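Accompanying notes for the structure given below.
In the numbering used here, the protein residues as written are 1 to 265.
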């Protein structure tokens, strides 16, 4: 494969080695020729990802203002991070997503063009990729039946908002940032063996993702922790294979399906 996933300009040592995290497939600054790029290559480009995510970013910002009083925890974490450096503002996390994707686009020197037909294909792919995790959730339902994995929405008009926010900002933190940061520290700085470091990076990101869900009011249980770790591993695999945009869409689609089913009961 020769695709380079958006948001994965991993350190040079990662790109040189074969391994779960190191399969960047091409240099982040050497995109495939535009004429040779197919859907899978184009859909991993930062600019294409930005166009795919812009409607979701706008929907989340409008939705939190209209329907939801409190933003998701990942959004609040980003706001507190910026506040440490004296930067405050409701829209800073959204601006960070845009800035990161534009920065990756400039570094990669991709063409300033988007195949608009790819966007609906990405939406369909996101839903399709959400189905395996949904089937795992269905299989685990007997063990999870007494536990609310997702907060009960207070109104039909507002239930989609946290789904969108989780897809964008949780993936930004736990896949785009954590995977790359751990890769840089363990592989580039500490020079650990690539295969073991890569496995550890993926597992650590999944465990952190699972633990993050208990920062709110939800009580920790081993069952939900294991399930969310599995989900974190799955999202990490999608991120490594298909990039940030598709991973956001998959995560949001999964939450849409699970929470949406609660309105049908």
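Even for Gly, the Cβ is constructed at its ideal location relative to N, Cα and C.
Values in this document were obtained by computation on a predicted structure and should not be read as measured data.
Same chain only: Cβ atoms within 8 Å of residue i, ignoring 5 sequence neighbours per side
i           : result
residue 119 : 48, 51 and 52
residue 170 : 72, 74, 209, 212 and 251
residue 193 : none
residue 205 : 174, 175, 178, 179, 182, 232 and 236
Contacting residues, own chain, Cβ-Cβ under 6 Å from residue i (five flanking each side not counted)
i           : result
residue 130 : 250, 253 and 254
residue 105 : 46 and 47
residue 273 : Summary: the structure shown does not reach residue 273, with the chain confined to residues 1 through 265, and so no result is reported for it.
Inter-residue spacing [alpha-carbon to alpha-carbon] between residue i and residue j
i           : j           : result
residue 197 : residue 233 : 15 Å
residue 273 : residue 66  : Residue 273 lies beyond the stretch modelled for the chain, which goes from 1 to 265, so this question has no answer here.
residue 216 : residue 112 : 41 Å
residue 101 : residue 220 : 34 Å
residue 31  : residue 45  : Residue placement at residue 31 is poorly supported in this model, since its pLDDT is 48, which falls under 50; the coordinates are not used for a value here.
residue 84  : residue 76  : 13 Å
residue 181 : residue 246 : 20 Å
residue 2   : residue 187 : Caution is warranted here: a pLDDT of 38 is assigned to residue 2, below 50, making its placement in the model unreliable, and the coordinate value is therefore given only provisionally. Spanning the two alpha carbons is a distance of roughly 22 Å.
residue 58  : residue 125 : 21 Å
residue 225 : residue 263 : 25 Å
residue 39  : residue 238 : 16 Å
residue 55  : residue 122 : 13 Å
residue 128 : residue 42  : 19 Å
Coarse secondary structure for residue i, derived from DSSP in three states
i           : result
residue 215 : coil
residue 247 : helix
residue 135 : helix
residue 159 : coil
residue 242 : helix
residue 3   : The predicted model places residue 3 with a pLDDT of 42, which falls under 50 and marks its position as unreliable; any figure quoted below should be read in that light. Here residue 3 sits in coil by DSSP.
residue 229 : helix
residue 179 : helix
residue 197 : helix
residue 140 : coil
residue 129 : helix
residue 190 : coil
residue 85  : coil
residue 221 : coil
residue 184 : helix
residue 255 : helix
residue 235 : helix
Spatial neighbours of residue i in its chain, beta-carbon cut-off 7 Å, leaving aside the 5 residues before and after
i           : result
residue 228 : 209, 210 and 213
residue 163 : 252, 255, 256 and 259
residue 60  : 161, 164, 165 and 168
residue 91  : 61
residue 218 : none
Residue i at chain C interface by Cβ criterion, 8 Å
i           : result
residue 221 : Reference to chain C is not applicable here, since this structure consists of a single protein chain.
(request) Could you pull out every unbroken alpha helix (DSSP H) segment of at least 4 residues lying fully inside the segment 87-119, listed in chain order? (result) 92-108
(request) Go through the segment 35-82 residue by residue and report every complete run of the alpha helix (DSSP H) that reaches 4 residues or more, in order. (result) 39-42 and 46-66
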